[in-house]
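Structure first, commentary second.
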Amino acid sequence: DHIKKLSYTQLDNQGTSTLITRMTSDVNLVQTQVIWP
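Here you go:
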């Protein structure tokens, strides 16, 4: 949700690798919560 709130300028400044890392981390967290509630 945090990424959705960022402006395009902020997204450009973050860099692709940083955004992918954050999204992967979020997905892993969700998977962990679903598997081991």
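So the number in my numbering is just where the residue sits in the sequence shown, counting from 1, plus 409. We put the CB at the ideal spot given by N, CA and C, even for glycine. Treat the numbers as computed from the prediction; the structure is a model and nothing was measured.
Endpoints, the alpha helix (DSSP H) within which residue 426 is located: Working through the sequence shown from its first residue, we reach residue 426 at position 17. First-last of the alpha helix (DSSP H) with residue 426: 425-444.
C-alpha gap between residue 438 and residue 430, whole angstroms: As a working note, residue 438 is residue 29 in the sequence shown. As a working note, residue 430 is residue 21 in the sequence shown. Residue 438 and residue 430: Cα-Cα distance of roughly 12 Å.
Length of the line joining the Cα atoms of residue 424 and residue 441: As a first step, residue 424 must be located in the sequence shown, where it is residue number 15. As a first step, residue 441 must be located in the sequence shown, where it is residue number 32. For residue 424 and residue 441, the distance between alpha carbons rounds to 26 Å.
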